[in-house]
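A.B. asks:
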Amino acid sequence: MGEAPAFFADSLMGDFPKKVDSKSKGNERAIVVGSKIYVIDGVDHELGSTIGIRIFDKSSGEWRIPIVLGAKPKPSKDYSAVLLNDDRVLVVRGNSGSSECFWFLEVGTPFVRQHEKTLGNEVVAWSKGVLGNVEKPIVISGPSGVGKGTLISKLMKEFPSMFGFSVSHTTRAPRAKEQNGIHYHFTDRNVMEREIKDGKFLEFASVHGNLYGTSVEAVEVVADAGKRCILDIDVQGARSVRASALEAIFIFISPPSFEELEKRLRARATETEEQIQKRLLNARAELEQGKSSGLFDHILVNDDLETCYEKLKNILCLREAAKSAPKTIPESFNLSIEHPVSKIDQKLLINFGAAEHENASNNTYVLDLSLLKGGAPGRTRGLNMYAINPLTDDVNGNNQLYLNIPF
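So in numbering that gives the first Met the number 0 the end of the sequence shown lands on 406, straight run, no missing numbers.
#1: List the endpoints of the continuous beta strand (DSSP E) containing Met384.
#2: Measuring only the C-alpha atoms, how far is Glu285 from Gln276?
#3: Let me confirm a value: Gly33 is counted as buried when at least 16 other C-beta atoms fall within 10 Å, else exposed. Which label applies?
#4: Leaving out five residues on either side along the sequence, give the residues of the same chain with a beta carbon under 7 Å from the beta carbon of Glu261.
#5: Of the choices Val111, Gly128, Leu83, whose alpha-carbon is the least far from that of Cys100?
#6: What did DSSP end up calling His182 once you bin it into helix, strand or coil?
#7: Val138 to Pro159, Cα distance in whole Å?
#8: Give me the Cα-Cα distance between Leu130 and Met384, rounded to the nearest whole angstrom.
#9: Could you pull the DSSP bridge partners for His297 from this structure?
#10: When you compare only the Cα positions, how much space is there between Cys307 and Phe257?
#11: For the pair the segment 143 to 161 and the segment 117 to 124, tell me if three or more CB-CB distances fall below 8 Å.
#12: Quick check: the Cα distance between Leu315 and Val88, rounded to an integer number of angstroms?
#13: Reducing DSSP to helix, strand and coil, say where Ile50 ends up.
#14: With a 10 Å radius around its C-beta and 16 neighbouring C-beta atoms as the bar for buried, classify Ser369 as buried or exposed.
#15: Determine the extent of the beta strand (DSSP E) in which Leu230 is found, giving its start and end residues.
#16: Measure how close the beta-carbons of Val90 and Pro72 come, nearest whole angstrom, since I'm counting them as under 8 Å.
#17: Report the rounded CA-to-CA distance for Val81 versus Ile30, giving the unit in angstroms.
#18: To the nearest angstrom, how far is it from the Cα of Asp77 to the Cα of Arg28?
#19: Do Ser164 and Ile229 have their C-beta atoms within less than 9 Å of each other?
#20: Taking buried to mean at least 16 other C-beta atoms within 10 Å of its own C-beta, is His114 buried or exposed?
#21: Rounded to whole angstroms, what is the Cα-Cα separation between Phe406 and Lys135?
#22: So for His114, helix, strand or coil by DSSP?
#23: Which residue marks the beginning of the beta strand (DSSP E) containing Gly148, and which one marks its end?
#24: So the alpha helix (DSSP H) Val106 belongs to, where does it begin and stop?
#25: What number of angstroms, rounded off, separates the C-alpha of Leu348 from the C-alpha of Thr363?
#26: Is Lys312 helix, strand or coil by DSSP?
#27: From the DSSP output, which residues share a beta bridge with Ser214?
#28: Please classify Glu259: does DSSP put it in a helix, a strand, or coil?
#29: Near Phe203, what residues of its chain come up, given a Cβ to Cβ distance below 7 Å and the 5 sequence neighbours on each side ignored?
#30: Residues bridged to Asn209 by DSSP?
#31: Under DSSP, the alpha helix (DSSP H) around Ala244 begins and ends at which residues?
#32: Measure the Cβ-Cβ separation of Arg380 and Leu371 and say whether it is below 9 Å.
#33: So, at 7 Å on beta carbons, what are the nonlocal neighbours of Asp233 in its own chain, with the 5 sequence-adjacent residues on each side left out?
#34: Ordered along the chain, which non-local residues of its own chain (more than five positions away) have a Cβ less than 7 Å from that of Leu317?
#35: Is the Cβ-Cβ distance between Ile250 and Ile181 less than 9 Å?
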């Protein structure tokens, strides 16, 4: 196997300028990005519940404490840190299950730059790394009465293990029989406004004095469960999601005619004439925006329910999910900071250390970062990992022992 530059945890400390006391704490890593040094500490000595971040500006000789966005990793004594593409740092935590091992500290991504401009301060953002990928979420919009709820219900019934709903947030009080976390995430207005400001919501709106919205985390939770998230939102919400970093499929459900839509709304016999007129007014605006804005990838006309449903399934390329082979990722990594992490292009060679009863050659893995998707404030997905024998295998593709990560 060819040589690769090795990134040792302690060797990074040599890049500190003389003004910086690199020996003040024994668990620090220093990452140099341009004129800044990002100092990562395994334990935040003020908060104690996460990894600490400080920034040293070499041009001014000043320390800065950044605003830290995103879900934060727990403290770690054993970890490694490697710079990727000058805009994010991969942090590999030791003694962690695979779901908590990989974290990205974003230092120059579009999300970070946008919030630096908004907040007027240094900003960094954490994003949890997730092995494998998931199907794109589905945004389904359409005017009230068009039948989108029925179409979604048919999908959920036919493919119960494939799809899931995101649970929206609201600041209104729960109604009778409504349960927190099931019907809505009920929250305080101050909390939701702060999280909106921090970029944690894909879309939101004020309705009758209350805030409603879909959080990034609500969509990620569905993906974490191995399901494809469905978002049933209005056109304005779809526009907000389209402007976000979330990659999704946007589908607009249209009635065959406005007259047919009015007929369906009146057939419900559940609303007053005033309510019907209000829905029709909103529907006319949504139909105009949905068909003319180029916002949606697909427009389906719900003339016949079964025909429309079959077209929806064709768009989503639905088929029976193939059974995935067992994963060979260890349940818990035993990372020692004495072991190097080597970087070759978009791949890292990581030795996680061997337990006494294990063979050391079975603890060397390649982490492929060439297909990353997503990022703060949500997850970073698309990591691929496979085991190799460092004595006989080629990190670039020969004799690779691939892990079967379900997509």
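From the three backbone atoms N, C-alpha and C, an ideal C-beta is built for every residue, glycine too.
C.D. replies: This is what the structure gives:
#1: Counting from one through the sequence shown, the residue named residue 384 turns up at place 385. Note, Met384: beta strand (DSSP E), 379 to 386.
#2: Position 286 of the sequence shown, counted from the first residue, corresponds to residue 285. Position 277 of the sequence shown, counted from the first residue, corresponds to residue 276. When rounded, the distance between both Cα atoms is 14 Å.
#3: Residue numbering aside, residue 33 sits at position 34 when the sequence shown is read from its first letter. It counts as exposed.
#4: Within the sequence shown, residue 261 is the residue found at index 262, counting from 1. Contacts found: Leu279.
#5: By one-based count along the sequence shown, residue 100 stands at place 101. Residue Gly128 is the option with its Cα nearest to Cys100.
#6: The residue you call residue 182 lines up with position 183 of the sequence shown. It is coil, neither helix nor strand.
#7: Counting from 1 along the sequence shown, the entry for residue 138 is found at position 139. Counting from 1 along the sequence shown, the entry for residue 159 is found at position 160. Rounded to whole angstroms, Val138 to Pro159 spans 18 Å at the Cα level.
#8: On the sequence shown, residue 130 is found 131 positions in, with the first residue counted as 1. On the sequence shown, residue 384 is found 385 positions in, with the first residue counted as 1. About 7 Å.
#9: Taking the sequence shown and counting its residues from 1, the one referred to as residue 297 is at position 298. DSSP output for His297 lists Ile250 as bridge partner(s).
#10: Counting from 1 along the sequence shown, the entry for residue 307 is found at position 308. Counting from 1 along the sequence shown, the entry for residue 257 is found at position 258. Going by the C-alpha atoms only, they are around 17 Å apart.
#11: no
#12: Residue numbering aside, residue 315 sits at position 316 when the sequence shown is read from its first letter. Residue numbering aside, residue 88 sits at position 89 when the sequence shown is read from its first letter. Using only the alpha carbons, I get a separation of about 34 Å.
#13: As a position in the sequence shown, residue 50 is number 51, starting the count at 1. The answer is coil: DSSP assigns Ile50 none of H, G, I, E or B.
#14: Here residue 369 is taken as the residue at index 370 of the sequence shown, counted from 1. Label assigned to Ser369: exposed.
#15: Here residue 230 corresponds to residue number 231 of the sequence shown, with the count starting at 1. From DSSP, the beta strand (DSSP E) with Leu230 extends over 227 to 231.
#16: Here residue 90 refers to the residue found at position 91 when the sequence shown is read from its first residue. Here residue 72 refers to the residue found at position 73 when the sequence shown is read from its first residue. Yes, Val90 and Pro72 are in contact; Cβ-Cβ is about 7 Å, under 8 Å.
#17: As a working note, residue 81 is residue 82 in the sequence shown. As a working note, residue 30 is residue 31 in the sequence shown. Each residue's Cα considered, the two are about 8 Å apart.
#18: As a position in the sequence shown, residue 77 is number 78, starting the count at 1. As a position in the sequence shown, residue 28 is number 29, starting the count at 1. About 11 Å.
#19: Position 165 of the sequence shown holds residue 164. Position 230 of the sequence shown holds residue 229. The identity of residue 164 in the sequence shown is Phe, whereas the question assumes Ser. Yes; because the gap between Cβ atoms is below 9 Å, this pair is in contact.
#20: Mapped onto the sequence shown, residue 114 falls at position 115. His114 should be labelled buried.
#21: As a first step, residue 406 must be located in the sequence shown, where it is residue number 407. As a first step, residue 135 must be located in the sequence shown, where it is residue number 136. Low confidence applies here, because Phe406 scores a pLDDT of 26, under 50, leaving its location unreliable; read the following figure in that light. Near 11 Å, if we compare the C-alpha coordinates of Lys135 and Phe406.
#22: Taking the first residue of the sequence shown as 1, we reach residue 114 at position 115. Residue state, collapsed to three classes: helix.
#23: As a first step, residue 148 is located in the sequence shown; it is residue number 149 there, counting from the start. First-last for Gly148: 147 to 157, but that is the alpha helix (DSSP H), not the beta strand (DSSP E).
#24: Taking the first residue of the sequence shown as 1, we reach residue 106 at position 107. From DSSP, Val106 is part of no alpha helix (DSSP H); its letter is neither H nor E.
#25: Mapped onto the sequence shown, residue 348 falls at position 349. Mapped onto the sequence shown, residue 363 falls at position 364. About 7 Å.
#26: Within the sequence shown, residue 312 is the residue found at index 313, counting from 1. The answer is helix: DSSP assigns Lys312 an H, G or I state.
#27: Mapped onto the sequence shown, residue 214 falls at position 215. Paired residue(s): Phe200.
#28: As a first step, residue 259 is located in the sequence shown; it is residue number 260 there, counting from the start. Looking at Glu259 - three-state DSSP - the assignment turns out to be helix.
#29: Here residue 203 corresponds to residue number 204 of the sequence shown, with the count starting at 1. Answer for Phe203: Ile195, Leu210, Tyr211, Gly212, listed in chain order.
#30: As a working mapping, residue 209 is identified with position 210 in the sequence shown. According to DSSP, which records beta bridges pairwise, Asn209 is partnered with Val206.
#31: The residue labelled residue 244 in the question sits at position 245 within the sequence shown. From DSSP, Ala244 is part of no alpha helix (DSSP H); its letter is neither H nor E.
#32: Against the sequence shown, residue 380 aligns to sequence position 381. Against the sequence shown, residue 371 aligns to sequence position 372. Yes; because the gap between Cβ atoms is below 9 Å, this pair is in contact.
#33: Translated into positions along the sequence shown, residue 233 becomes position 234. For Asp233, where only same-chain residues beyond five positions count, the Cβ hits under 7 Å are Ser140, Glu285.
#34: The residue you call residue 317 lines up with position 318 of the sequence shown. Closer than 7 Å at Cβ, skipping near neighbours: Phe158.
#35: The residue given as residue 250 occupies position 251 in the sequence shown. The residue given as residue 181 occupies position 182 in the sequence shown. It is not a contact, given that the beta carbons lie outside the stated cut-off.
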